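Numbering (the UniProt record's numbering), first residue to last: 1 to 66. Every residue, glycine too, gets a C-beta built ideally from N, C-alpha and C. Just so it is clear, the structure is predicted and the values come from calculations on it, not from any experiment.
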């Protein structure tokens with residue numbers, strides 16, 4: 001898991017906790033908007049990140065087997 005994903009997940013957790021104690025409608029809306037942005041970023045990263053620790057097949061730094 002990349003540092004970016006870890007940071008996004010940590011931020012999401014903090015926002016969810018904040019949502020649980022926030023009563024003001026405007027603040028709840030802002031938190032919801034930020035959560036939506038984080039979810040969109042995570043979905044994008046999930047699509048673009050390789051599924052394993054192995055480098056993608058087209059990566060020039062990938063070790064070639066002979």
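What residue from the options has the CA that sits closest to residue i's CA?
i	options	result
residue 14	2, 49, 43 and 38	38
residue 31	40, 44 and 16	16
Helix, strand or coil for residue i? Go by DSSP, reduced to three states.
i	result
residue 6	helix
residue 27	helix
residue 49	coil
Can the beta-carbon of residue i be found closer than 8 Å to that of residue j?
i	j	result
residue 5	residue 42	yes
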